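Only one structure is covered here, and it is reproduced in the block below.
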Amino acid sequence: MNAKKIIKSESGFTLVEIIAVLIILGILAAVAVPRYIDLETNAKNRAIDAAISELNGRESLAWANAKISNVNYADDNAIDAAIRATPEIYNLNPTGSTDYSWEGGGPTATGGSLRFKSGTAIGLTREPAKLSQPGSWRRSS
């Protein structure tokens, strides 16, 4: 007679609880996914910013070396030409790397376009070095 035993203490999730969890996961995904879509582009932009900082540091070092040398530069153009005559300051790639590339064969006295990996080339403007201060690089407007 008592062959069937009714189990009243079954545990599990109700349909309402499962739907609530799915809604919460959907909201989290909607917030998080757009941030990850632009992650690569943002990383490439930060790499260009790092390259600009590196260029400014190298310009300052080359300017300091020119100032402490035994050469007496006549004017701003002379010291700027001496700094630009040192092309290795514009090579941003460590040995064996090709991550950075200059468009159009390299930078000019007034700037150039720099690309990181396969990203978009970013226009850079160079302020020439003067007797009173080193040259500087920044993003073009």
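This note's numbering numbers the first residue of the sequence shown as 2 and each following residue consecutively.
Just so it is clear, CB atoms sit at the ideal spot from N, CA and C, and this is done for glycine as well.
Just so we're clear, the structure is a prediction, and the values are computed from it rather than from any experiment.
Cross-strand partners of residue i (DSSP beta bridge)
i	result
Trp138	Arg127
Ser102	Arg116
Thr109	Gly112
Exposure of residue i, with buried meaning 16 or more beta-carbon neighbours within 10 Å
i	result
Ala30	exposed
Tyr37	exposed
Ile80	buried
Ala52	buried
Leu56	buried
Ala75	exposed
Ala33	exposed
Leu40	exposed
Leu93	buried
Below-8 Å beta-carbon distance, residue i vs any chain D residue
i	result
Ala83	You won't find chain D in this structure, because it holds only one protein chain.
Anticipated Cβ contact below 8 Å, residue i with residue j, distance rounded
i	j	result
Ser114	Gly107	About 10 Å separates the two Cβ atoms, so there is no contact after all.
Arg116	Ser98	Wrong, their Cβ atoms sit about 14 Å apart, outside the cutoff.
Check: residue i C-beta below 7 Å from any heavy atom of the ligand FMN
i	result
Asp100	As for the ligand FMN, it is missing from this structure, which has no ligand bound.
The stretch 45-62 contacting the stretch 115-133, beta-carbon criterion three pairs below 8 Å: In short, these stretches touch, since the Cβ pair count reaches three.
Sufficient close CB pairs (3 or more, under 8 Å) joining the stretch 78-89 to the stretch 11-20: Using a C-beta cut-off of 8 Å, the stretch 78-89 makes no contact with the stretch 11-20, since fewer than three inter-stretch Cβ pairs fall below that distance.
The stretch 55-71 contacting the stretch 123-142, beta-carbon criterion three pairs below 8 Å: By the C-beta criterion, the stretch 55-71 is judged to be in contact with the stretch 123-142, since at least 3 inter-stretch pairs fall below 8 Å.
Runs of beta strand (DSSP E) wholly within the stretch 64-104 (minimum 3 residues, chain order): Runs of the beta strand (DSSP E) inside the stretch 64-104: 101-103.
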